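Here the working numbering is used: the first residue of the sequence shown is 913, the next is one more, and so on.
Beta carbons: idealized from backbone N, C-alpha and C, even for Gly.
The model shown is predicted, which means the values in this text are computed figures rather than measured ones.
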Amino acid sequence: MSQATHPFFDPRMAIGAAPVPGDRPAGADPRGGAEFEELETEMRRMETDGPLAVNWRQVIALSSGIVETRGKDLLVGAWLTYGLAREEKLHGLAVGLGILKGMVAEHWEQMQPPAARERARVGILEWLVGRATPLCESDVQESDWAAAICAYDALSEIDTLTSERLTKEQVAYGDLMRALRPLRDTARRGLEEQAQQRARAEAEAKAQEESAAQAAAAKPESTIPATPAALAPPAVAAPSAVAPVAVPAAAAPIDLASIDQLPETLRIGMRGAERRQDLRRQAMTLEPEGRRPDQIV
């Protein structure tokens, strides 16, 4: 199985390797300053009253300030690492070990205690191993996978560096190594499984995209040919205006009384009263509604 890694970043890790402002990259001996005295007083509470009596946030603030701006001191770095581990668990331990790795790698010859005091340096590092090991839990959460890998890798590099530079003494890192190794292994397996899942998901997504592209390329284009003019439906002419039909006006009603007033010349050939009676009968068929026969003379 490949060794999966995960980037772990915390800007505080940089203060270990970074030079102290001034002409001396490792700075001066900080043990004569007020900050160190205050830090040392706080750490003595752990020996007299136990770890719960210590203000670990204050320890972190004081020790990180000393390492960054006053001078590189291995004891201060160990206190800082332990304080971070107590306050921030595995994440804090990874940050602290990263700071120590930078100090050992970049300031080994100039940092405090002096390089000639190997026993003092070994004692400081073994104190940290004994204190930090019980803080390593038996299980590691997904959110701490990167920190577990970083902490183990940093401790391994510190082991390699000190083994090369110590000539008379060696540091026993075994207990802390054994506590961190299963956490590192669990984190690697989890990260590798996640990487495989992402790779499968990406492969499936790519296959779906390619399948969709092939289907789109194989589908014939749907085009509708233009209708020839010969097959086009005949145009419908707009209906012409129809001239209105003249309706003859109704005939005026016949005035029955005027029949008797006709001139004699117009009544020639008529047979007297019979003819007149006949005209009256014809007129009655045309009389307006509501007119009685006795009104006709």
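Work out the CA separation of residue j and residue i for me, nearest whole Å.
i: Ala938; j: Gly1102; result: 39 Å
i: Arg1179; j: Arg1193; result: Because Arg1179 sits at a pLDDT of 49, beneath the cut-off of 50, its placement in the model cannot be relied upon, and the point is left open.
i: Leu987; j: Glu1030; result: 13 Å
i: Ser914; j: Glu1104; result: Annotation note: pLDDT 45 at Ser914 (below 50); position unreliable, coordinate value reported separately. C-alpha separation (whole angstroms): 8 Å.
i: Gln1126; j: Leu1073; result: 57 Å
i: Asp922; j: Gly1010; result: 9 Å
i: Ala930; j: Met1023; result: 13 Å
i: Glu950; j: Ser975; result: 10 Å
i: Pro1078; j: Val1034; result: The residue you asked about is not Pro; residue 1078 is Leu in the sequence shown. C-alpha separation (whole angstroms): 9 Å.
i: Glu1076; j: Ala965; result: 38 Å
i: Asp1071; j: Arg1093; result: 14 Å
i: Lys1001; j: Asp961; result: 21 Å
i: Ile1036; j: Ala990; result: 7 Å
i: Arg924; j: Val1083; result: 25 Å
i: Thr953; j: Asp935; result: 30 Å
i: Asp941; j: Ala1032; result: 15 Å
i: Glu1069; j: Gln1108; result: 29 Å
i: Val979; j: Gly928; result: 7 Å
i: Gly977; j: Pro1026; result: 20 Å
i: Phe920; j: Ala1059; result: 6 Å
i: Glu1021; j: Gly1008; result: 20 Å
i: Lys1106; j: Thr1098; result: Position check: residue 1106 holds Gln in this sequence, whereas Lys was assumed. One C-alpha to the other measures close to 12 Å.
i: Val932; j: His1019; result: 10 Å
i: Ile1061; j: Leu1095; result: 8 Å
i: Ala1091; j: Arg957; result: 27 Å
i: Leu1047; j: Val1041; result: 10 Å
i: Tyr1064; j: Lys1118; result: 37 Å
i: Glu1122; j: Asp1051; result: 42 Å
For residue i, which of the options has the nearest alpha-carbon?
i: Gly1004; options: Thr993, Leu1012, Asp935; result: Thr993
i: Ser1055; options: Arg1100, Ala1115, Arg998, Leu1012; result: Arg1100
i: Glu1081; options: Ala1028, Thr981, Met1023, Ala990; result: Ala1028
i: Pro963; options: Val979, Ala1059, Leu996, Leu1012; result: Leu996
i: Arg866; options: Gly945, Asp1071, Thr960, Pro919; result: This structure does not reach residue 866, given that the chain is present from 913 up to 1209, and the question cannot be answered.
i: Lys984; options: Ala1006, Arg957, Val1016, Thr1045; result: Val1016
i: Ala926; options: Glu1049, Lys1131, Lys1013, Ala1111; result: Lys1013
i: Arg969; options: Pro919, Gly977, Glu999; result: Glu999
i: Asp1087; options: Val971, Trp1039, Arg1110; result: Trp1039
i: Glu947; options: Gln1053, Ala1111, Ala973; result: Ala973
i: Leu1067; options: Tyr1085, Ala1128, Ala1117; result: Tyr1085
Per the DSSP calculation, residue i is bridged to which residue(s)?
i: Asp985; result: Gln1024
i: Gly939; result: Gly983
At what residue ranges does the region 1084 to 1136 contain a whole run of the alpha helix (DSSP H), taking only runs of 4 or more?
Runs found: 1086 to 1130.
Quick check on the DSSP output: what are the complete alpha helix (DSSP H) runs of length 4 or more inside the region 997 to 1082, in order along the chain?
You should have 1030 to 1044, 1057 to 1077.
Quick one: complete alpha helix (DSSP H) runs, 4+ long, within the region 921 to 969?
Those alpha helix (DSSP H) runs which fall completely within the region 921 to 969 and span 4+ residues are 946 to 961.
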